[in-house]
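Numbering-wise (my numbering), the sequence shown opens with residue 1 and increments by one.
A virtual CB, placed ideally from N, CA and C, is assigned to each residue, including glycine.
One structure is given here, and the rest of the page talks about it.
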Amino acid sequence: MKQYNFNKNFTDFRKNLNLAEQDKLSLTDARKIIRSTIRVTFNEMPEKYFTDNVQIVLTEFSKGSDKRIKPKFRTQGSFVYNTINKPENPPIQRMDLDDGVYLPLSYTDNTSDNFQQSAKIVKNIISNCVSDLCNDKGWTLETNHSKCLRIIINPTSHIDLPIYSIPDDQSNTIQQDSAEFSRMEGLERVLSYNKAEDVLLAIDNGWIKSDPRDIEDWVKDTKDRFNDFIYYSRYFKAWKDHQWNESKFSSIMIMAGISQAMSEIGYSKNDNVALNLSSIATSLKLYLNNAGINHPVKTERMDGDLSNKDEIINRLDDLAMNLFTATKTNNTQLLIDCFGDRFPNDTGNVLNTGVVAPAIITSSEPIRQSRSDFI
């Protein structure tokens, strides 16, 4: 039986998902303006946004001689991982750039009432100053996200601002990253650091322990182990965006599931990309049906709160089946149905005349039999 591969189609598909240079420039130019606005607010004109009561609270945690907090910045997320895709359905879906705002603070007890209160204070200060900026630029500020502020730049893109505190004696770890940023690409430009020990994220009612560099380390390690990890993540993200305008089946959850599948003892990579993706889709379905998708840096499952889990499992079933069937029938439409019109409508190439055999994943967990369980 002939076996067809669509490796070139997937390569061209990836190119169709790439951001245009103007899109990247729009995001990075906006990031530069936002950073400058926040720096000026804290360093040059605090009197505009700092009431006397706010100043009293923040002075307690400001170690410098001028008692001013000097923000630092660090980009994180898909823009750094190189997993960002052009959105299929804007403005519901948008390109996003996550730019962490790091505030060097001096404290000995991060559970004190005053310190917990400082999270709300700094979040309000930054919200107020970027609100004025948004009014000037015609952007839109969203403050209803518990873990970040969101600035909508245009219908296709937004910038998220998670706000962190970092011990002031460890703030050089952020400064070093900023210096390296302009000379390096992707993950490499942010992974050169000495890990800070106590990075906290501002939420609505205080600080919680959260260091995005834990995820960055994991992405870098997984990428080093599996060369196709980033590419496969982009394909599955594009599949998700074609299937749903909005979904709680998050990008990081998808990436964790892909890593979990590729790390299985029985995983054997095939030269046929469609067969690899079919096998991984089957594994994702298996995880959702049983023990779950494991968090990459925490000891917990990520999919416990998925409200439409059965629907996701069914569509993963369809994805696995279509990918596998396309390699036998050379039917590109099966792949377009899964990934959308951005997937090239070109016929596949004959790979060989042997038996079609997908990458194999074995598991100690029981597999729910269905029409896509080919193995």
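Cβ neighbours of residue i in the same chain (closer than 8 Å, five flanking residues each side left out)
| i | result |
| --- | --- |
| THR353 | At THR353, the pLDDT of 45 sits below 50, so the modelled position is not reliable; the number obtained from the coordinates is stated separately. Cβ neighbours of THR353 beyond the five flanking positions: MET1, LYS2, GLN3. |
| PHE13 | TYR235, ALA238, PHE339, ARG342, PHE343, PRO344 |
| CYS134 | THR140, LEU141, ILE151 |
| ALA326 | TYR4, PHE6, ALA274, THR332, LEU334, LEU335, GLY348 |
| LYS15 | none |
| LYS309 | LEU288, ASP303 |
Of the residues the options, the one placed nearest residue i, counting alpha carbons only
| i | options | result |
| --- | --- | --- |
| SER307 | PHE249, VAL297, LEU277 | PHE249 |
| GLU60 | MET45, TYR102, GLN117 | GLN117 |
| ASP132 | ILE38, ASN205, ILE252, ILE166 | ILE38 |
| SER78 | CYS134, LYS309, ASP337, MET253 | MET253 |
| ILE215 | ALA202, MET255, ASP204 | MET255 |
| TYR115 | ALA261, LYS24, LYS147, TRP207 | Looking at the sequence itself, residue 115 is Phe, so the reference to Tyr does not match. When only C-alpha atoms are compared, the closest one is TRP207. |
| LEU58 | VAL199, ARG225, ASP160, VAL122 | VAL122 |
| SER210 | ASP198, ASP204, THR111 | ASP198 |
| VAL297 | ASN289, GLN260, LYS137, ASN172 | GLN260 |
| TRP218 | ASN294, SER171, GLU44 | ASN294 |
| LYS147 | ASN154, PRO155, ILE153, ILE163 | ILE163 |
| THR145 | ILE203, ILE166, CYS129, VAL130 | Residue 145 is actually His in this sequence, not Thr. Here the closest residue by C-alpha is ILE203. |
| VAL130 | ILE34, SER251, PRO46, SER165 | ILE34 |
Backbone CA spacing between residue i and residue j [nearest angstrom]
| i | j | result |
| --- | --- | --- |
| LEU105 | PHE73 | 14 Å |
| ASP52 | TYR231 | 51 Å |
| ILE313 | PHE324 | 17 Å |
| ASN331 | LEU275 | 14 Å |
| THR83 | PRO212 | 16 Å |
| THR222 | LYS240 | 21 Å |
| ASN124 | ILE92 | 26 Å |
| LYS285 | LEU17 | 25 Å |
| SER26 | LYS48 | 28 Å |
| LYS382 | GLU21 | Since the first and last residues shown for the chain are 1 and 375, residue 382 lies out of range. |
| GLN55 | HIS158 | 31 Å |
| GLU311 | PRO90 | 23 Å |
| LEU19 | GLN76 | 17 Å |
| PHE10 | ASP228 | 12 Å |
| ASN154 | ASP23 | 10 Å |
| SER112 | ARG68 | 21 Å |
| LEU201 | ASP160 | 13 Å |
| ASN205 | THR329 | 56 Å |
| LEU316 | PRO87 | 20 Å |
| LYS8 | HIS242 | 20 Å |
| LYS120 | VAL80 | 28 Å |
| ARG31 | ASN85 | 18 Å |
| ASP177 | ASP224 | Because ASP177 carries a pLDDT of 46, less than 50, the predicted location of this residue cannot be relied on, and no value is offered for it. |
Same chain only: Cβ atoms within 7 Å of residue i, ignoring 5 sequence neighbours per side
| i | result |
| --- | --- |
| THR143 | SER127, LEU149 |
| PRO71 | ILE38, ARG39, PHE42, VAL101, TYR102, LEU103 |
| SER233 | THR83, ILE254, MET255, ILE258 |
| ASP168 | LYS63, PRO104, LEU105, SER106 |
| ASN245 | ASN89, ILE92, GLN93 |
Bridge partner(s) assigned by DSSP for residue i
| i | result |
| --- | --- |
| ASN294 | ARG301 |
| ARG74 | GLY100 |
| ILE163 | VAL101 |
| ASN135 | For ASN135, which the question treats as bridged, DSSP gives no partner whatsoever. |
| ILE151 | LEU141, ILE159 |
| TRP207 | ALA202 |
| MET253 | Note: MET253 sits in no beta bridge, so no partner. |
| MET95 | SER157 |
Spatial neighbours of residue i in its chain, beta-carbon cut-off 6 Å, leaving aside the 5 residues before and after
| i | result |
| --- | --- |
| MET184 | In this predicted model, MET184 has a pLDDT of only 44, less than 50, meaning its place in the structure is not dependable; the value taken from the coordinates is given anyway. Here the set comprises nothing. |
| MET262 | PHE226 |
| LYS137 | none |
| SER251 | LYS237 |
| ASP305 | none |
Taking 8 Å as the threshold, find out whether the region 269-282 comes into contact with the region 85-101 through three or more Cβ pairs. With a cut-off of 8 Å on Cβ pairs, the region 269-282 is not in contact with the region 85-101, counting fewer than three such pairs.
For the region 312-331 against the region 274-291, do three or more pairs of beta-carbon atoms, one drawn from each stretch, fall closer than 8 Å, so that the two count as touching? Below 8 Å, enough C-beta pairs join the region 312-331 and the region 274-291 to call them touching: three or more.
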